[in-house]
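First up is the structure itself, then whatever we jot down about it.
There are 2 protein chains.
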Amino acid sequence: MKQDKLSTEVITSSLAMLEGWKLEDDGVAIAKSFRFKTFASAFAFMTEAAQAAERLNHHPEWFNVYDKVDVRLTTHSAGGVTALDFRLAEAMEKAARAR
Amino acid sequence: MKQDKLSTEVITSSLAMLEGWKLEDDGVAIAKSFRFKTFASAFAFMTEAAQAAERLNHHPEWFNVYDKVDVRLTTHSAGGVTALDFRLAEAMEKAARAR
Numbered sequence: 001m002k003q004d005k006l007s008t009e010v011i012t013s014s015l016a017m018l019e020g021w022k023l024e025d026d027g028v029a030i031a032k033s034f035r036f037k038t039f040a041s042a043f044a045f046m047t048e049a050a051q052a053a054e055r056l057n058h059h060p061e062w063f064n065v066y067d068k069v070d071v072r073l074t075t076h077s078a079g080g081v082t083a084l085d086f087r088l089a090e091a092m093e094k095a096a097r098a099r
Numbered sequence: 001m002k003q004d005k006l007s008t009e010v011i012t013s014s015l016a017m018l019e020g021w022k023l024e025d026d027g028v029a030i031a032k033s034f035r036f037k038t039f040a041s042a043f044a045f046m047t048e049a050a051q052a053a054e055r056l057n058h059h060p061e062w063f064n065v066y067d068k069v070d071v072r073l074t075t076h077s078a079g080g081v082t083a084l085d086f087r088l089a090e091a092m093e094k095a096a097r098a099r
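Here is the structure:
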């Protein structure tokens, strides 16, 4: 399904419904830095998030070091943020809450 | 177990036994960029590598986007590269070969 790039207005109002996510300065991605108790918890989060990414066929850019996972979501084919990014962000929030 | 920082000479000869790893410019970490066929393969590699990291109690800094995993290994407590980094690098090579 072709995804349309969302307007900054829609992105801003959608971000208001999520905790700790922000629009990056370049305006083409949303990002969050997650913090867990241990590496094992951080990686368990990543495992659940990876499954959601496969289901959505939409994948994160992410960096992990020990208990920290920095996530950046963008839709390359649309050149910006789409509804898919928010669906993956929501799945990640759910995965993080389970830790 | 306290790990001693390895000399550049030892690091260089150890790197020669691994494929595609290099010493970073700052001299305190070894790094490799892995490439897989799909996100699923890349994440399966990460899952096996994460288990090795837990066994060694030594963890990577790594970045993933789709089929690519950039890894950086260093031993913070030693301020450089130690034998632990090479043990984790070898475990990662084994995990990558299984994909």
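If you read the protein sequences in the order shown, they are chains D and W. According to full-length UniProt numbering, the first sequence holds residues 1 to 99 in order. According to full-length UniProt numbering, the second sequence holds residues 1 to 99 in order. Heads up, the beta-carbon is just placed ideally off N, CA and C, and yes, glycines get one too. All figures in this text were calculated on a predicted structure; none of them were measured in a lab.
Neighbour flag for residue i against chain A, beta carbons, 8 Å
i: Glu-54(D); result: The displayed structure is made up of protein chains D and W, and chain A is not among them.
Residue burial classification, residue i (beta-carbon count within 10 angstroms, cutoff 16)
i: Asn-57(D); result: exposed
i: Gly-80(D); result: buried
i: Ser-14(W); result: buried
i: His-59(W); result: buried
i: Leu-85(D); result: Reading the sequence as shown, one finds Asp at residue 85(D) and not Leu. It is buried - the Cβ of Asp-85(D) has at least 16 other Cβ atoms within 10 Å.
Whether residue i touches residue j by CB criterion (8 Å)
i: Arg-97(D); j: Ala-31(D); result: no
i: Val-69(W); j: Phe-39(W); result: no
i: Ala-83(W); j: Leu-6(W); result: yes
i: Ala-16(W); j: Ala-52(W); result: no
i: Val-65(D); j: Glu-9(W); result: no
i: Phe-43(D); j: Ala-50(W); result: yes
i: Thr-75(W); j: Gln-3(W); result: yes
i: Thr-47(D); j: Thr-47(W); result: yes
i: Trp-21(D); j: Ala-89(D); result: yes
i: Phe-63(W); j: Phe-63(D); result: yes
Any chain D beta carbon closer than 8 Å to residue i
i: Glu-61(W); result: yes
i: Phe-43(W); result: yes
i: Ala-98(W); result: no
i: Thr-82(W); result: no
i: Ala-40(W); result: yes
i: Val-65(W); result: yes
Minimum Cβ-Cβ distance from residue i to chain W less than 8 Å
i: Ala-31(D); result: no
i: Ala-50(D); result: yes
i: Phe-34(D); result: no
i: Thr-47(D); result: yes
Minimum C-alpha distance to residue i - residue among the options
i: Glu-93(D); options: Ser-77(D), Thr-75(D), Phe-36(D); result: Phe-36(D)
i: Val-28(D); options: Asp-67(D), Ser-77(D), Glu-54(D); result: Ser-77(D)
i: Asp-67(W); options: Glu-54(W), Arg-87(W), Arg-99(W), Arg-55(W); result: Arg-99(W)
Note down, one range per segment and in chain order, each beta strand (DSSP E) of at least 3 residues found wholly within the stretch 4-89 of chain W.
30-35, 61-65, 68-73
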